[in-house]
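A.B. asks: Residue numbers for the sequence shown follow this note's numbering, so the first one is 11 and each next one is one higher.
For every residue, glycine included, the Cβ atom is placed at its ideal position computed from N, Cα and C.
Once you've had a glance at the structure underneath, I'll fire off some questions.
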Amino acid sequence: MSVLQGALSLLLGYYSPAYILAVIGAGLGAIVVIWTTNLLVRHAWYTHKLSCFSNPPSHSWLVGHLGQLKSTEEGLLQVDELVKTYKHSCSWFLGPFYHLVRIFHPDFAKPLLMAPGRITVKDEFSYEHLRPWLGESLLISKGDEWSRKRRLLTPAFHFDILKTYVVTFNASTNTMHEKWQRMILNGKNNIEMFNVVTLMTLDSLLKCAFSCNSNCQESTSEYVTAIEELGNLLVERRLKIFHHWDWIYWKSEQGKRFKKALSIVHGYTREVVQRRRALIRQQTPGQFSMAANRRRDFVDIILSAEDEDGQGLSDEEILAEANTFMFAGHDTTASAICWTLYNLARHSHYQERCRDEVMELIKGRDGEEIKWEDLTSLPFTTMCIKESLRLHSPVQAVSRKYTQDMALPGNRTVPKGAICLVSIYGTHHNPHVWSNPQVFDPMRFDSSNNEAKSSSAFIPFSAGPRNCIGQKFALAELKVVVALTLLRFRLRAGVNPEGGAGAVRRLPQLVLRAEGGLWLQVEPLDPKGK
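Here you go:
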């Protein structure tokens, strides 16, 4: 400190304060000029390289399509128009900052999604804001680090592990249905689905990940509230371009709220991981047989995972993966369940056919429980779930960057470093791929129908090496919840108390929701399904 004071005194002895401030100002001005020049040169280079793609009308060369991306019903309708106009792809510029290629056709999505994991990078536009929460988890990591984590985490989603979770899915669904019954007895059979279903999926995940009986469906939980707060703040941040810079965001009111919620979530997960690590150290190696693993939760399994060199995941890595499991698993599955129930409520003939299938499956049993073995015996219900995932995909798009140029059909090339925004919604609603794409038609997924044969035409869980590692977990929970719900309740389209009986307006945020909620009329059935 004394050296700094001495240097400052020496400078002031030779130069006036005004001169020193002028030099500092000139230096800062030079930095701004250099940064701006680099930004504009980079922008010019990308606009030239991406000229092989159609470019929708924009504000100007500099501003591009900034402000045109909307997380609303109008945003989805905008995608519909892009698909009709450009059929497979177009370029998209968010000022001079982000340079995107928007993809909405399987022939263009396939080479991007199937690219080797070693050249695929999760981009800063969609994923960088998740890093404070999820760390260097499987969702965000790249290259050899991603490959190692994928190998270590894959056993946690093995069929033998998933079997044990089905009991949990049944129990959490039963709790939700008991809550519905109480609401109906109190004269309330018009129920908002997202609220109750999201709490149910969080309940299931807390049990499967941490063996935690949180009772979050019946009472408030600080951890659950914090997770919901983080999700909402992430959506807000993505829509505000200046909040994309950390040095601005962390000083904002939203940034301070994010840090507060993050400390709660990280504190809870860290305590669980450290407690389990201590418990494992007290036990003998013989206790970690495969049979024991099958009865353990997600944290137990990844704590005991080792790579080919005998190295496991560090506590920080396990913390990141456990947080990712909670983040990626509860909201997406809840969205899929809600929209499936909504679609069946709007199509009573499909609902009845699914209900008959479930009742035939459990006929002669003492209780109402869906078993692991039952999940492959619900073919029509599965078709309805898949069609709902096509029509109302929980995740609307996935984005990627590549460490090399990527060739696409028609002699088009995505340059290294450009962001590829693969629109799951656009692909699933593309009339050049699907006939009458806005219509709910489960028969698209009949085994005799060729419409869904393309591996990249139906991509609710993405595709390729970096697809969703938890998709079998999600589908298993989906089938259990939908089957038990149809067994116990008849569903009809509900009425939003504030918005009336108008058309549902979709709300594409981190997952697909509905403005004002998704309301269904719920009518209990007797044991015979009447």
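According to DSSP, what are the bridge partners of GLY74?
C.D. replies: Taking the sequence shown and counting its residues from 1, one reaches residue 74 at position 64. According to DSSP, GLY74 bridges with LEU104.
A.B. asks: Of the residues LYS132, LYS97, ASN180 and ARG128, which one's Cα is nearest the Cα of VAL491?
C.D. replies: Taking the sequence shown and counting its residues from 1, one reaches residue 491 at position 481. Comparing Cα-Cα distances from VAL491 to each of LYS132, LYS97, ASN180 and ARG128, the minimum goes to ASN180.
A.B. asks: Buried or exposed: where does ARG523 fall if 16 or more other Cβ atoms within 10 Å of its Cβ makes it buried?
C.D. replies: Working through the sequence shown from its first residue, we reach residue 523 at position 513. By the 10 Å Cβ count, ARG523 comes out buried.
A.B. asks: What whole-angstrom Cβ distance do LEU385 and ALA484 have, given they're in contact under 8 Å?
C.D. replies: Position 375 of the sequence shown, counted from the start, is the residue given in the question as residue 385. Position 474 of the sequence shown, counted from the start, is the residue given in the question as residue 484. The pair is not a contact, with the Cβ atoms about 12 Å apart (cut-off 8 Å).
A.B. asks: Is the distance from the Cβ of GLU543 to the Cβ of LEU488 below 8 Å?
C.D. replies: Look at the range of the chain in this structure, 11 to 540, and you will see that residue 543 is not part of it.
A.B. asks: For the candidate residues LEU149, TRP102 and LEU122, whose alpha-carbon lies nearest to that of ILE479?
C.D. replies: By one-based count along the sequence shown, residue 479 stands at place 469. Checking every option, the nearest Cα to that of ILE479 belongs to LEU149.
A.B. asks: Could you please give the first and the last residue of the uninterrupted beta strand (DSSP E) stretch that includes ILE479?
C.D. replies: For the purposes of this step, residue 479 is identified with residue 469 of the sequence shown, where counting begins at 1. No beta strand (DSSP E) contains ILE479, which DSSP labels as neither H nor E.
A.B. asks: Would you report the Cα separation of LYS381 and THR495, rounded to the nearest angstrom?
C.D. replies: Your numbering for residue 381 matches position 371 in the sequence shown. Your numbering for residue 495 matches position 485 in the sequence shown. The straight-line gap from Cα to Cα measures roughly 15 Å.
A.B. asks: Quick one: any contact between the region 175 to 195 and the region 214 to 231, if contact means 3 or more CB pairs under 8 Å?
C.D. replies: Output reads yes: the region 214 to 231 touches the region 175 to 195.
A.B. asks: Are the Cβ atoms of VAL432 and LEU122 separated by less than 8 Å?
C.D. replies: Against the sequence shown, residue 432 aligns to sequence position 422. Against the sequence shown, residue 122 aligns to sequence position 112. Result yes, Cβ atoms of VAL432 and LEU122 sit closer than 8 Å.
A.B. asks: Quick one: Cα of GLY153 to Cα of TYR412, how far?
C.D. replies: By one-based count along the sequence shown, residue 153 stands at place 143. By one-based count along the sequence shown, residue 412 stands at place 402. The straight-line gap from Cα to Cα measures roughly 11 Å.
A.B. asks: Alpha carbon to alpha carbon, how far is GLU134 from LEU49? Give it in angstroms, no decimals.
C.D. replies: Along the sequence shown, read from residue 1 onward, the residue named residue 49 stands at position 39. Along the sequence shown, read from residue 1 onward, the residue named residue 134 stands at position 124. Going from the Cα of LEU49 to the Cα of GLU134 covers about 16 Å.
A.B. asks: For a test of the three-state rule: what should DSSP assign to ALA417, helix, strand or coil?
C.D. replies: The residue labelled residue 417 in the question sits at position 407 within the sequence shown. The answer is strand: DSSP assigns ALA417 an E or B state.
A.B. asks: If you draw a straight line from the alpha carbon of LEU530 to that of MET203, how long is it in whole angstroms?
C.D. replies: Here residue 530 refers to the residue found at position 520 of the sequence shown. Here residue 203 refers to the residue found at position 193 of the sequence shown. If you take the alpha carbons of LEU530 and MET203, they lie about 7 Å apart.
A.B. asks: Considering just the uninterrupted stretch of the beta strand (DSSP E) at ALA524, what are its terminal residues?
C.D. replies: As a first step, residue 524 is located in the sequence shown; it is residue number 514 there, counting from the start. Note, ALA524: beta strand (DSSP E), 522 to 524.
A.B. asks: Straight-line CA distance for ILE347 to SER324?
C.D. replies: The residue you call residue 347 lines up with position 337 of the sequence shown. The residue you call residue 324 lines up with position 314 of the sequence shown. Spanning the two alpha carbons is a distance of roughly 34 Å.
A.B. asks: Looking only at its chain, what residues have a beta carbon closer than 6 Å to the beta carbon of LEU110, apart from the 5 residues adjacent to it on each side?
C.D. replies: Position 100 of the sequence shown, counted from the first residue, corresponds to residue 110. Here the set comprises TRP102, ILE429 and LEU431.
A.B. asks: Does DSSP put MET381 in a helix, a strand or coil?
C.D. replies: Here residue 381 corresponds to residue number 371 of the sequence shown, with the count starting at 1. What sits at residue 381 in the sequence shown is Lys, not Met. DSSP places LYS381 in coil when its eight states are reduced to three.
A.B. asks: Hey, quick one: how far does the alpha helix (DSSP H) through GLN284 stretch, first residue to last?
C.D. replies: Taking the sequence shown and counting its residues from 1, the one referred to as residue 284 is at position 274. First-last of the alpha helix (DSSP H) with GLN284: 263 to 291.
A.B. asks: Can you list, in chain order, the residues of its chain with a C-beta nearer than 6 Å to that of ASN303? Leave out the 5 residues immediately preceding and following it.
C.D. replies: Start at 1 with the first residue of the sequence shown, and residue 303 comes out as number 293. The pLDDT assigned to ASN303 is 45, lower than 50, so where the model puts this residue is not dependable, and the model offers no usable value.
A.B. asks: Counting Cβ pairs, one atom from each stretch, are 3 or more of them under 8 Å apart for the region 274 to 290 and the region 187 to 197?
C.D. replies: These segments do not touch.
A.B. asks: Quick one: complete beta strand (DSSP E) runs, 3+ long, within the region 418 to 471?
C.D. replies: Within the region 418 to 471, the complete beta strand (DSSP E) runs of at least 3 residues are 422 to 424 and 429 to 433.
A.B. asks: Starting from SER409, follow its DSSP beta bridges and name the residues at the other end.
C.D. replies: As a working mapping, residue 409 is identified with position 399 in the sequence shown. Paired residue(s): LEU431.
A.B. asks: Examine the Cβ distances between the region 53 to 61 and the region 87 to 94 and report whether three or more of them are shorter than 8 Å.
C.D. replies: Judged by Cβ distances under 8 Å, the region 53 to 61 makes no contact with the region 87 to 94, as fewer than three pairs qualify.
A.B. asks: Tell me the rounded alpha-carbon separation between ARG502 and ASN353.
C.D. replies: Within the sequence shown, numbered from 1, the residue matching residue 502 stands at position 492. Within the sequence shown, numbered from 1, the residue matching residue 353 stands at position 343. So the two alpha carbons sit approximately 10 Å from each other.
A.B. asks: Going by Cα to Cα distance, which pick from ASP376, ARG160 and THR437 is closest to ALA119?
C.D. replies: Within the sequence shown, residue 119 is the residue found at index 109, counting from 1. If we check each option's Cα against that of ALA119, THR437 comes out closest.
A.B. asks: Nearest-angstrom Cα distance between GLU246 and LYS269?
C.D. replies: Counting from 1 along the sequence shown, the entry for residue 246 is found at position 236. Counting from 1 along the sequence shown, the entry for residue 269 is found at position 259. Their backbone Cα atoms lie some 15 Å apart in a straight line.
A.B. asks: For ILE150, which of helix, strand or coil comes out of DSSP?
C.D. replies: For this step, residue 150 is matched to residue 140 along the sequence shown. Three-state result, ILE150: coil.
A.B. asks: What first and last residue would you give for the alpha helix (DSSP H) that runs through GLU228?
C.D. replies: In the sequence shown, counting from the first residue as 1, residue 228 sits at position 218. Here GLU228 belongs to no alpha helix (DSSP H), and DSSP marks it neither H nor E.
A.B. asks: Is it buried or exposed for ASP536, if we count other Cβ within 10 angstroms and need 16 for buried?
C.D. replies: Here residue 536 refers to the residue found at position 526 of the sequence shown. Counting Cβ neighbours within 10 Å, ASP536 comes out exposed, since fewer than 16 surround it.
A.B. asks: For GLU155 and ALA467, I'd like the C-alpha separation in whole angstroms.
C.D. replies: Sequence index remark: in the sequence shown, residue 155 carries index 145 (1-based). Sequence index remark: in the sequence shown, residue 467 carries index 457 (1-based). Taking the straight line joining both Cα atoms gives about 29 Å.
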